[in-house]
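Below is one structure, written out as structure tokens; the observations come after it.
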Amino acid sequence: MWPRPKSVSHTPFVVLTDEPALHTSAAAGVADPWVRRLVSRLDRSAVVEPGRVCLKVTVPTRYVDPTRMLIFSTVPPTIGRAMTGLAVLSDAPVRCDEDQLRFDRYVEPILSLLTSPTSTTPFTVGVLGEWGSGKSSVLTMVDQRLGEESPDAFVRVHFNPWVYRNEPNLLVPLLHAFQETLLADRKKRFAQTVTRVASVAGTLTADALLTTLTAGFLTMDKYDQAVERYVAQRSQVESQLRNLRNLLRDEVAGIRRQGAQVVFFIDDIDRCEPDQIVDLLESVKLFLDVPGVFVLMAISKELVDRGVAIKYQGFGLDPDGMMDIGDEYLEKMIQLPLYLLPLDARSVRQLVEAHAHPDLLARHGDLLQAVLRPNPRKIKRVLNFLTVTTAIVAGTPGLDELHDDLVVRLAVLRVQVPRLFSAVLTDPRVLLVLECLYRDRLEFTEDGFRSRYGDDSGALLYRAVAPHYRRHPELKEIFDASTFAEEHDRIHDYLTLFGGRAA
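Here's what the structure looks like:
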């Protein structure tokens, strides 16, 4: 419900503006159609000025705040006013001077570990968190601080396995990344190392069978030939891989003699396929587990578990057994798992207040606070969508009277529960069903659905809703006070903003 001012006992001088209502907690205007309708009902002692109508009339006192002399809106505001000064948020990792979420609390202990003279290597730090939680930002800030405070003490190698996900052997681009970093040394300290690394990188290739399979054009008549080539080259490839590890060990030892250590930053692992993640972890353990090397990797524990499940799916293990193997994998690959804490309510509020458009924040700050998940990337996606979509709607005839609180709720649903939103696009009645469920107006059983909506429709709606009901805490906040039922005639208009088809 929209807040109303307290009743007064006298007739005020009332100003009706033709601006849409912007605030729910202060005296707000009413849209132009409301001005016209209200004026037609009131005494006609009016003075019309640009943008406002001034009346000295008797009006229902529950709508009036005499201290402000403004009529309050009696309906929720619409999206009928374009936002100005639009700005969207980049998803790029933040740097130290942009840190609004206290990532420095993770950065400082990592820096202490890296720079401590008593730290021993090899050592791998895993920055763990869900997709979009800020893992890349932590790695970026550590890299920035090392570059600013200890530029000559560390050779900082950046490797993105997702960019090379189609490479049959990730060690080749990893070696090239090492080589390019050495070339970029400002003091040119590692010229000889660069030459030796380049020599090995030029000869290290994936075996013929794997290369051919990856290319996707192996035919049955060529299979035997490929196998023969594989057998012939296998010993050569294994020898090359041993040479690579020996090379890394020797060259890192040379770098240490010149007063530096090597730090590998491995990011965007989450974008790789789960089975690729397991292979990458094994490669890192095998080839970077040498003295003088630190490894910082951003990774999702959930994706590691999924990768392990795929790799060992033929072993007949139950889910608990798979999770145990996933835990053991991390223990072997990562000496220090550092878990990012979810954002607290204050941090979510700070992020919204810092980046939401002022109009959006004024109208729906509390709603956003209640429904947004504590995930920086998802918060930015929701805010970006709302910022741009609101401006588009304002300039689209026929859409400019949509209730923007419903657009906010749909945007959050689209970003945070995409599978449920797909069900909404397929059958918009799902929105009305969820309103009934979260207001305890519908029994959550298939029989209850069949009784309300008929056998066929009830069964379909139940199957659409059942996997999601009560599994996502934000759904109660989204639907407990929504008005989709009142807007059911225009539901398709709302959904066109999200890729739905017009009615």
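Take any residue in the sequence shown, count from 1 to its spot, add 62: that is its number in the numbering used here. Even for Gly, the Cβ is constructed at its ideal location relative to N, Cα and C.
Taking a contact to mean a Cβ-Cβ separation below 7 Å, would you say residue 216 touches residue 320 in this structure? Here residue 216 refers to the residue found at position 154 of the sequence shown. Here residue 320 refers to the residue found at position 258 of the sequence shown. Contact flag unset, no.
Hey, would you say residue 346 sits closer than 7 Å to residue 369, going by beta carbons? One-based indexing of the sequence shown puts residue 346 at position 284. One-based indexing of the sequence shown puts residue 369 at position 307. No.
Excluding sequence positions up to five away, which residues of its chain have a Cβ less than 7 Å from the Cβ of residue 318? Counted from its first residue, the sequence shown places residue 318 at position 256. Counting only Cβ-Cβ distances below 7 Å, and skipping sequence neighbours, we find 354.
Identity of the residues DSSP links to residue 328 by a beta bridge: On the sequence shown, residue 328 is found 266 positions in, with the first residue counted as 1. In the DSSP output, where bridge partners are listed per residue, residue 328 has 221, 359.
In chain order, what residues of the same chain lie with their CB nearer than 7 Å to the CB of residue 153, ignoring the 5 residues before and after it? For the purposes of this step, residue 153 is taken as the residue at position 91 of the sequence shown. Taken in chain order, the residues that qualify are 439, 442.
With burial defined as no fewer than 16 other Cβ atoms inside 10 Å of the residue's Cβ, what is the status of residue 231: buried or exposed? If you number the sequence shown from 1, residue 231 lands on position 169. Flag for residue 231 reads buried.
Count the other C-beta atoms from every protein chain shown that fall within 10 angstroms of the C-beta of residue 168, then say buried if there are 16 or more, exposed otherwise. Start at 1 with the first residue of the sequence shown, and residue 168 comes out as number 106. Counting Cβ neighbours within 10 Å, residue 168 comes out buried, since at least 16 surround it.
To the nearest angstrom, how far is the alpha carbon of residue 553 from that of residue 416? Locating residue 553 in the sequence shown gives position 491, counting from the first residue. Locating residue 416 in the sequence shown gives position 354, counting from the first residue. Whole-angstrom Cα-Cα distance: 31 Å.
Three or more C-beta pairs closer than 8 Å, one from the segment 190 to 207 and one from the segment 475 to 491: is that the case here? no
Quick one: what does DSSP say residue 551 is sitting in, helix, strand or coil? Numbered from 1 along the sequence shown, position 489 holds the residue referred to as residue 551. Note: residue 551 maps to helix in three-state DSSP.
Residues of its chain near residue 206, where Cβ-Cβ distance is below 7 Å and the 5 sequence neighbours each way are ignored: In the sequence shown, counting from the first residue as 1, residue 206 sits at position 144. Counting only Cβ-Cβ distances below 7 Å, and skipping sequence neighbours, we find 157, 158.
Evaluate residue 545 with the Cβ neighbour count: other Cβ atoms within 10 Å of its Cβ, from every protein chain shown; 16 or more gives buried, anything less gives exposed. As a working note, residue 545 is residue 483 in the sequence shown. When all chains shown are included, residue 545 counts as exposed.
Is the segment 177 to 197 in contact with the segment 351 to 365, if contact means three or more CB pairs nearer than 8 Å? yes
Between the segment 517 to 529 and the segment 487 to 500, do three or more beta carbon pairs fall short of 8 Å? yes
When you compare each of 313, 361, 480 to residue 335 by their alpha carbons, which one comes out closest? For this step, residue 335 is matched to residue 273 along the sequence shown. Residue 335 has its Cα closest to that of 361, out of 313, 361, 480.
By the 10 Å Cβ neighbour count, where 16 or more other Cβ atoms means buried, how is residue 540 classified, buried or exposed? Counting from 1 along the sequence shown, the entry for residue 540 is found at position 478. Counting Cβ neighbours within 10 Å, residue 540 comes out buried, since at least 16 surround it.
Span separating the alpha-carbon of residue 419 from that of residue 461: Within the sequence shown, the letter at position 357 stands for residue 419. Within the sequence shown, the letter at position 399 stands for residue 461. Those two C-alpha atoms are separated by around 20 Å.
Starting from the Cα of residue 313, find the closest Cα among 349, 338, 330 and give me that residue. The residue given as residue 313 occupies position 251 in the sequence shown. The option with the nearest alpha carbon to residue 313 is 349.
Own chain residues within Cβ distance below 7 Å of residue 196, not counting five before or after: Position 134 of the sequence shown, counting from 1, holds the residue named residue 196. 163, 165, 402, 438.
Taking only the alpha-carbon atoms, compute the straight-line gap between residue 229 and residue 365 and give it to the nearest angstrom. Sequence index remark: in the sequence shown, residue 229 carries index 167 (1-based). Sequence index remark: in the sequence shown, residue 365 carries index 303 (1-based). Answer to the nearest angstrom: the Cα atoms are 20 Å apart.
The alpha helix (DSSP H) enclosing residue 240, as first and last residue numbers: The residue given as residue 240 occupies position 178 in the sequence shown. It spans 233 to 245 - the alpha helix (DSSP H) in which residue 240 sits, taken as one unbroken run.
6 Å CB neighbourhood of residue 372 in its chain, flanking five on each side removed: Along the sequence shown, read from residue 1 onward, the residue named residue 372 stands at position 310. 336, 337, listed in sequence order.
Cβ-based neighbour list, residue 222, same chain, cut-off 7 Å, excluding 5 preceding and 5 following: In the sequence shown, counting from the first residue as 1, residue 222 sits at position 160. So the qualifying residues of the chain are 329, 330.
Following the continuous beta strand (DSSP E) through residue 434, name the residue where it begins and the one where it ends. The residue labelled residue 434 in the question sits at position 372 within the sequence shown. First-last for residue 434: undefined, no H or E at that position.
Quick one: Cα of residue 268 to Cα of residue 208, how far? One-based indexing of the sequence shown puts residue 268 at position 206. One-based indexing of the sequence shown puts residue 208 at position 146. Note that residue 268 scores 45 on pLDDT, short of 50, meaning its location in the model is unreliable; the coordinates nonetheless yield the value given after this. Taking the straight line joining both Cα atoms gives about 34 Å.
How many angstroms separate the CA atom of residue 531 from the CA atom of residue 537? Taking the sequence shown and counting its residues from 1, one reaches residue 531 at position 469. Taking the sequence shown and counting its residues from 1, one reaches residue 537 at position 475. So the two alpha carbons sit approximately 8 Å from each other.
Classify residue 485 as buried or exposed, calling it buried when 16 or more other Cβ atoms lie within 10 Å of its own Cβ. Taking the first residue of the sequence shown as position 1, residue 485 is located at position 423. Buried is the call here.
For the alpha helix (DSSP H) that contains residue 500, what are its first and last residues? For the purposes of this step, residue 500 is identified with residue 438 of the sequence shown, where counting begins at 1. Taken as a continuous stretch (DSSP letters only), the alpha helix (DSSP H) holding residue 500 covers 491 to 500.
Residue range of the unbroken beta strand (DSSP E) whose run includes residue 401: Within the sequence shown, residue 401 is the residue found at index 339, counting from 1. Note, residue 401: beta strand (DSSP E), 398 to 401.
Assigned secondary structure, residue 162 (DSSP; H/G/I helix, E/B strand, else coil): Indexing the sequence shown from 1 puts residue 162 at position 100. Here residue 162 sits in coil by DSSP.
Beta carbon of residue 495 nearer than 7 Å to that of residue 523: On the sequence shown, position 433 is the one that residue 495 refers to. On the sequence shown, position 461 is the one that residue 523 refers to. It is a contact, given that the beta carbons lie within the stated cut-off.
Residues of its chain near residue 245, where Cβ-Cβ distance is below 7 Å and the 5 sequence neighbours each way are ignored: On the sequence shown, residue 245 is found 183 positions in, with the first residue counted as 1. Hits under 7 Å: 256.
Could you tell me which of 534, 471, 535, 506 sits nearest to residue 525, measuring between CA atoms? What you label residue 525 is simply residue 463 of the sequence shown in a count that begins at 1. Answer by Cα proximity: 506.
Return helix, strand or coil for residue 470, following the three-state DSSP convention. In the sequence shown, residue 470 corresponds to position 408, counting from 1. Helix.
Quick test of your reading: residue 258 and residue 309, contact by CB under 8 Å. State the CB separation rounded to the nearest angstrom. On the sequence shown, position 196 is the one that residue 258 refers to. On the sequence shown, position 247 is the one that residue 309 refers to. Contact holds; Cβ gap of about 7 Å.
Beta-carbon separation of residue 351 and residue 184 under 7 Å? Here residue 351 refers to the residue found at position 289 when the sequence shown is read from its first residue. Here residue 184 refers to the residue found at position 122 when the sequence shown is read from its first residue. Yes, the Cβ-Cβ distance between residue 351 and residue 184 is below 7 Å.
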